[in-house]
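In terms of the working numbering, the sequence shown opens at residue 350 and continues consecutively.
Down below is the structure, laid out as structure tokens.
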Amino acid sequence: MAVVKPFRAVRPTPELVDKVAALPYDVMDTKEAIEYVEGNPYSFMRIDRAEMSFEEGHDPYGQEVYEAASKQLHQMKVDGTYIQDEKACYYIYKQVMNGRAQIGIVGCASVDDYMNDIVKKHELTLAKKEDDRCNHVDICNANTGPIFLTYKANEEINKVVNHTMEEAPVYDFVGDDVQQTVWVISCPHCIEVIEKAFAATPALYIADGHHRCASAVRVARKRRVQFPDYDGTEEFNYFLCVLFPDEQLEIMDYNRVVVDLNGNDKASFMAKVEEKFTVEEKGEATYHPEEKHTFGMYIDGKWYKLAAKEGTFDAADVVAQLDVSILQHNLLTPILNIGDPRTDKRIDFVGGIRGLGELEKRVNSGEMAVAFAMYPTSIEDLMNIADAGKIMPPKSTWFEPKLLSGIFVHELR
Numbered sequence: 350m351a352v353v354k355p356f357r358a359v360r361p362t363p364e365l366v367d368k369v370a371a372l373p374y375d376v377m378d379t380k381e382a383i384e385y386v387e388g389n390p391y392s393f394m395r396i397d398r399a400e401m402s403f404e405e406g407h408d409p410y411g412q413e414v415y416e417a418a419s420k421q422l423h424q425m426k427v428d429g430t431y432i433q434d435e436k437a438c439y440y441i442y443k444q445v446m447n448g449r450a451q452i453g454i455v456g457c458a459s460v461d462d463y464m465n466d467i468v469k470k471h472e473l474t475l476a477k478k479e480d481d482r483c484n485h486v487d488i489c490n491a492n493t494g495p496i497f498l499t500y501k502a503n504e505e506i507n508k509v510v511n512h513t514m515e516e517a518p519v520y521d522f523v524g525d526d527v528q529q530t531v532w533v534i535s536c537p538h539c540i541e542v543i544e545k546a547f548a549a550t551p552a553l554y555i556a557d558g559h560h561r562c563a564s565a566v567r568v569a570r571k572r573r574v575q576f577p578d579y580d581g582t583e584e585f586n587y588f589l590c591v592l593f594p595d596e597q598l599e600i601m602d603y604n605r606v607v608v609d610l611n612g613n614d615k616a617s618f619m620a621k622v623e624e625k626f627t628v629e630e631k632g633e634a635t636y637h638p639e640e641k642h643t644f645g646m647y648i649d650g651k652w653y654k655l656a657a658k659e660g661t662f663d664a665a666d667v668v669a670q671l672d673v674s675i676l677q678h679n680l681l682t683p684i685l686n687i688g689d690p691r692t693d694k695r696i697d698f699v700g701g702i703r704g705l706g707e708l709e710k711r712v713n714s715g716e717m718a719v720a721f722a723m724y725p726t727s728i729e730d731l732m733n734i735a736d737a738g739k740i741m742p743p744k745s746t747w748f749e750p751k752l753l754s755g756i757f758v759h760e761l762r
């Protein structure tokens with residue numbers, strides 16, 4: 350059963366929270382990050398991407414970069430930008446985007462639950478990205494970006510959340526075009542109810558943040574070697590997370606664009622596609638797939654609807670029946686010779702938040718030859734794959750809104 354404990358959050362003063370809170374470190378490159386923080390000395394992006402404090406071209410993974418991040422975080426505590434709650438609390442983090450709300454509990458999950466597969470994964474991680482966040486967490490001595498977890502909705506937790514939200518929030522601001530609202534849960538009874546409810550929850554699921562989660566666990570393992578007399582209560586045995594009930598989450602499409610047709614002209618390419626898909630021309634009007642196992646394809650100024658033919662996938666296999674798998678195994682690999690989408694430079698991925706107009710733009714510019722609009726993966730698919738101990742294909746899910754960094758910091762000691 351899951352362990353989710355309250356903690357003493359290091360968090361911004363209410364007057365500065367809108368300036369401190371920042372998008373996650375990995376949604377932009379260094380140049381974009383520099384532009385993002387321009388004119389804002391408080392932005393947490395300056396800690397998450399501390400290489401911007403150095404000359405252009407400086408190694409972003411150098412030891413001195415992580416040390417600079419640690420110094421900046423310490424200074425923000427010293428100068429009063431950050432405060433720390435006197436006792437361990439849970440927090441409610443509500444986000445409203447385009448009229449849709451998601452409301453999560455902020456707490457700390459157990460690294461042992463991660464290692465014992467109570468915290469379930471569905472993605473592989475890259476060593477370089479793990480190394481980066483591992484160094485950042487270790488040298489900053491803090492989890493600086495929350496892991497996005499989900500769980501099967503619990504009525505007892507919902508009651509506490511609804512009751513707490515009747516009180517005044519500690520933060521209520523618009524950050525990156527999303528309404529961000531936070532309440533503190535300090536009531537001992539409410540804390541006990543939440544802790545017991547999670548203790549009765551058989552599994553938590555990583556929705557987003559596999560690299561940050563794996564890095565937090567690596568730091569915990571390292572600290573356990575450094576402090577062999579640890580008893581499990583130390584903060585390094587836990588990692589910062591926001592837990593949202595599954596019923597509130599919405600996964601957006603994660604679309605594909607490909608540079609060329611692998612030596613095919615359009616006619617031969619379309620003929621090969623028709624072997625595995627029924628193809629219906631939709632014309633110039635943007636087409637988004639309306640159900641599972643259908644796809645939008647944009648090529649040569651026109652949209653087409655593709656529907657996977659019977660027998661092209663195993664409907665009983667939780668991974669093979671995913672639309673990203675169907676497209677990969679029936680079109681991207683055999684026709685376009687995209688073997689490993691993680692490493693092949695001929696394919697790129699476009700998050701659904703950018704809209705299908707972005708696909709048209711990239712094809713019309715000549716940068717790409719063909720684009721594929723996906724039907725979104727469901728949260729049920731994600732949970733089923735994680736429960737089966739299997740791995741989703743890369744770029745299967747796109748979650749919005751993103752959890753902002755800097756609102757909550759979890760110190761490891």
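Virtual Cβ for every residue (Gly too), placed ideally from N, Cα, C.
For Val699, the uninterrupted beta strand (DSSP E) run begins and ends at Ile696 to Gly700, by DSSP. Every unbroken stretch of the beta strand (DSSP E) spanning 3 or more residues and falling wholly within the region 531 to 566 is given here in chain order: 553 to 557.
By the C-beta density criterion, Met732 is buried, having at least 16 other C-beta atoms within 10 angstroms. With a cutoff of 8 Å on beta-carbon distance, Phe757 and Ala437 are scored as not near each other. The Cβ atoms of Lys621 and Tyr653 lie no closer than 8 Å to each other. Under the three-state reduction of DSSP, Gln529 is assigned to strand. Classified as buried, Ile600 has 16 or more neighbouring CB atoms from the shown chains inside 10 Å of its CB. In this structure Val369 touches Thr430 by the C-beta definition: roughly 7 Å separates them, less than 8 Å.
Only exposed fits Tyr410, as fewer than 16 other CB atoms lie within 10 angstroms of its CB. In this structure, the straight-line span from the alpha carbon of Lys625 to that of Ile740 is close to 24 Å. Minimum Cα-Cα distance from Asn447 among the listed residues Ile702, Ser535 and Gly688 corresponds to Ile702.
With fewer than 16 other Cβ atoms inside 10 Å of its own Cβ, Glu381 counts as exposed. Straight through space, the alpha carbons of Gln670 and Gly755 are spaced by roughly 38 Å. The C-beta of Ala517 has fewer than 16 other C-beta atoms within 10 Å across all chains shown, which makes the residue exposed.
For Lys443, DSSP records a beta bridge to Ile452 and Thr530. Judged by beta-carbon spacing, Val445 lies beyond the 8 Å limit of Val366, meaning their Cβ atoms are not closer than that value. For the 8 Å CB-CB criterion, His485 and Thr493 form a contact.
Around the beta carbon of Asn713, fewer than 16 other beta carbons sit within 10 angstroms, so the residue counts as exposed. Here the C-alpha atom of Asp614 lies approximately 40 Å from the C-alpha atom of Gly558. Boundaries for Leu475: no alpha helix (DSSP H) harbours it, and the DSSP string shows neither H nor E there.
Less than 8 Å divides the Cβ of Tyr442 from the Cβ of Gly453.
Ile396: member of the alpha helix (DSSP H) spanning Met394 to Asp397, first to last residue. Non-local beta-carbon contacts of Cys483 in its own chain, meaning distances under 7 Å to residues more than five positions away in sequence, involve Ser564, Arg567 and Val568 in chain order. Per DSSP, reduced to three states, the secondary structure at Tyr431 is strand.
Here Asn604 is bridged, per DSSP, to Val699.
Shown here for Glu709: same chain residues with a beta carbon closer than 8 Å to its own, the five before and five after excluded, namely Thr635, Tyr647 and Ala720 in chain order.
Note on Lys694: under 16 other CB atoms within 10 angstroms of its CB, so exposed under the neighbour-count rule.
Contact between the region 501 to 518 and the region 397 to 415 is not established, with fewer than three Cβ pairs separated by less than 8 Å.
With contacts defined as CB atoms closer than 8 Å, Asp672 and Phe698 fail to qualify as a contacting pair. Counting along the chain, Phe618 sits inside no beta strand (DSSP E); it lies in the alpha helix (DSSP H) bounded by residues Lys615 to Lys625. Bridge partners of His759 according to DSSP: Asn492. In the structure shown, the three-state DSSP call for Val352 is coil. The beta-carbon distance between Thr499 and Asp595, rounded to whole angstroms, is 5 Å. This is short enough to meet the 8 Å contact definition. When secondary structure is reduced to three states using DSSP, Gly706 falls in the helix class. For Leu589, the secondary structure class from DSSP, reduced to helix, strand or coil, is strand. DSSP places Leu655 in the uninterrupted beta strand (DSSP E) bounded by Lys651 to Ala657.
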